[in-house]
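Okay, so here's the structure we're looking at.
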Amino acid sequence: MDPVIEKPYTLPSDATWLRSSSGIGRALAELIARQPNMRSIATARTPAILSYLPTNSPNILKLALDVTNP
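Residue 69 in my numbering sits at position 47 of the sequence shown, with consecutive numbering throughout.
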């Protein structure tokens, strides 16, 4: 049996986030974009879809990614 973890995990303030989906992923991207110390990698088949994210932030990397087309 695994021991019970009593102390919750604390994410480092300078963490880099890689997330997906247009629902929860988008909401999380918008939240992360407002945090000055966090970095985010946002991907989409069509990069224009990521226009809701700031374009001048050094903490946000937008990439085209289509996992259905190797």
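The beta-carbon is built from N, C-alpha and C at its ideal position, and this holds for glycine as well.
Keep in mind it's a predicted model, so treat the numbers as computed, not measured.
With 16 or more other CB atoms across the displayed protein chains lying within 10 angstroms of its CB, K84 is buried. For L75, the CB contacts under 7 Å within the same chain, skipping 5 residues up- and downstream, are A51, A55, A64, I82, K84 in chain order. Judged by DSSP in its simplified three-state form, L72 adopts helix.
Taking 4 residues as the minimum length, the alpha helix (DSSP H) runs contained wholly in the segment 25 to 73 are 46 to 55, in order along the chain.
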